[in-house]
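There are 2 protein chains.
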Amino acid sequence: MSAAPKKAPDKRRMILDAAVRVFARQGFHHCRVSDVADEAGVAYGLVYHYFDSKEEILNTLFLERWQIMLDAIGEIDARDLPSRDKLRSVAGFIIDSYRHDPDLMKVIIVEVTRAANSFGALHLDEIRKAYEGIARIVESAREEGSFKSGIPSEFAAMCFYGAIEQLLTGWIFEVLPRTDEEFERSKDLIVEAICGGLENGAADQLAASG
Amino acid sequence: MSAAPKKAPDKRRMILDAAVRVFARQGFHHCRVSDVADEAGVAYGLVYHYFDSKEEILNTLFLERWQIMLDAIGEIDARDLPSRDKLRSVAGFIIDSYRHDPDLMKVIIVEVTRAANSFGALHLDEIRKAYEGIARIVESAREEGSFKSGIPSEFAAMCFYGAIEQLLTGWIFEVLPRTDEEFERSKDLIVEAICGGLENGAADQLAASG
DNA sequence: CTGCAGATTGACTGGTCAGTCAATCGCTGG
DNA sequence: CCAGCGATTGACTGACCAGTCAATCTGCAG
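Protein chains in written order, with my numbering: chain A, -19 to 190; chain B, -19 to 190.
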């Protein structure tokens, strides 16, 4: 599927980078291939020299970035850390990914992850791998007894991932403030909310009412 | 905007019901207006007699159902119940909505809620109202001291809603089993996971390791 | 200098559909 | 029985755009 030719990897990259900007700005369905070509400063036809279809551009962007995230999750799981810290690292990685390249993350979340129906099963499998990576972290926490045994690890992973995706979605659609403080604070809040729960323990509850 | 005429409300309803089935099966973007007309057993042009555009059909379906959910959340909040039970009722209502009419919920989640970019700000406001309803439940729990004060209620609501949406998404795309037992079990699990947290308290932890 | 191969160009084609509209239907009240 | 009006029909139009392709360019190897 359109392997990168020996020379001139520049133009291919320029097209991908332009596509990120255009997809983020106009949405995948509401932009023309010519918009991407114009943004890249390249002739229309060249896009089809490097990619088989508009959709392949999106697939490429998604797979490239998603693999980085899957690798990061695996690497974090391999560290010798308490489970809560591992989850905090995963949340931190994803949030930093958004902070570092909001357009790319917007495209991945909005056009792929949250639009899984449009592109069918191809991406569902990839997305599931992220669940599984998180579930593996939860699973070892359950085995060592620090996490509840009553909540299946796949279910827990789903809650964790769902909360993060919702958070990113809030930033993407500007219903949540996007400041460095918020990004940092959210890393802790999400872990505290999901791992620690919303409820007070009995002791805290007394303290709060006293 | 195309108010229902005095007589013959049947056909209008038939078109809406057909649209649910077609949108769920083929996706909003990948179906033709003629598909909806055919499914409804109605001439193409009649669709435009009752609706201004394809998109208005989707808007109508969404707003109709979303309002029911907003009302339910408000009604649940007004009950005299512990906060956890209120959240359990909200989760139960949403999950039962899916169980009762999976096609409609699929359309709402996949084509509207998870595709907020395509349709712009109109629906973002409606979606935010659901957050706010949930946040109000959390807020009173914080005030009475049963929920942590360190997690803002809007943030908590986002986690809760995100987890539920992820759960529905799993059912919609058939990555999670759809049985009555699973539906019931999930109502409890989601509340236990989000309110109680994934971590064991110290006592449970001892019990688990012993 | 020549010729090949891959890079680059952009005009063009083919197919798709949302939305329009003029014609017909069928009820209802006079 | 007729006139009038909303309901209903479906052929048609206009716009849009993904993807094709033949022509041109560029750089390098022989």
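Beta carbons are placed, not taken as given, at the ideal position from N, Cα and C, and that holds for glycine.
Below-9 Å beta-carbon distance, residue i vs any chain B residue
i, result
"A/Glu145", "yes"
"A/Arg94", "yes"
"A/Ile56", "no"
"A/Arg12", "no"
"A/Ser98", "yes"
"A/Tyr141", "yes"
"A/Lys167", "no"
"A/Glu179", "yes"
"A/Val155", "yes"
"A/Arg108", "yes"
"A/Leu236", "There is simply no residue 236 of chain A to check, as chain A begins at -19 and stops at 190 in what is shown."
"A/Ser33", "no"
"A/Lys128", "yes"
"A/Arg1", "no"
"A/Val90", "yes"
9 Å Cβ cutoff met for residue i and residue j
i, j, result
"A/Val90", "B/Ala110", "no"
"A/Gly150", "B/Met49", "no"
"B/Leu242", "A/Phe140", "Outside the displayed range of chain B (-19 to 190) lies residue 242 of chain B, so it cannot be described from this structure."
"B/Gly130", "A/Gly181", "no"
"B/Val118", "B/Leu156", "no"
"A/Phe127", "A/Ser63", "yes"
"B/Arg45", "B/Ser77", "yes"
"A/Val22", "A/Met(-6)", "yes"
"B/Ile0", "B/Asp81", "With the sequence shown as reference, residue 0 of chain B is identified as Val, and Ile is not the correct amino acid for it. Cβ atoms of B/Val0 and B/Asp81: closer than 9 Å."
"A/Leu43", "A/Phe99", "no"
Backbone secondary structure at residue i - three-state DSSP
i, result
"A/Glu179", "strand"
"B/Phe153", "coil"
"A/Phe8", "coil"
"B/Phe127", "strand"
"A/Ala52", "helix"
"B/Arg116", "helix"
"A/Ser133", "helix"
"B/Arg45", "helix"
"A/Asp60", "coil"
"B/Ser(-18)", "With a pLDDT of 40 at B/Ser(-18), under the threshold of 50, the modelled position of this residue cannot be trusted; read the value that follows with caution. B/Ser(-18): coil per DSSP, three-state reduction."
Nonlocal neighbours in the same chain, by C-beta distance under 6 Å from residue i, ignoring five residues either side
i, result
"A/Glu172", "none"
"B/Arg158", "Trp151"
"B/Glu134", "Ala115"
Proximity test, Cβ basis, 9 Å: residue i and chain A
i, result
"B/Leu38", "no"
"B/Met138", "yes"
"B/Ile191", "Since the first residue shown for chain B is -19 and the last is 190, residue 191 of chain B is missing from the structure and cannot be characterised."
"B/Glu161", "no"
"B/Ile(-5)", "no"
"B/Ile170", "yes"
"B/Ile75", "no"
Cut-off 7 Å between Cβ atoms - residues of its own chain near residue i, not counting five sequence neighbours on either side
i, result
"B/Ala4", "Asp83, Lys86, Val87"
"A/Ile170", "Ala71, Ala143, Ile144, Leu147"
"B/Phe163", "Ile75, Arg79"
"A/Leu104", "Ala96"
"A/Ala(-2)", "Val16, Glu19, Ala20"
"B/Cys175", "Arg64, Leu67"
"A/Lys167", "Arg68, Ala71, Gly72, Ile75"
Same chain, Cβ closer than 8 Å to residue i, five either side skipped, listed in chain order
i, result
"A/Val2", "Cys11, Asp15, Val16, Glu19"
"B/Ser69", "Ile56, Arg59, Leu61"
"B/Gln6", "Asp15"
Range of the contiguous alpha helix (DSSP H) that encloses residue i
i, result
"A/Ala20", "13 to 20"
"A/Ala96", "96 to 99"
"B/Ile75", "63 to 80"
"A/Ser166", "160 to 171"
"A/Val27", "24 to 30"
Closer than 8 Å: residue i CB and nearest the ligand COA heavy atom
i, result
"B/Ala71", "Here there are no bound small molecules, and the ligand COA is not part of this structure."
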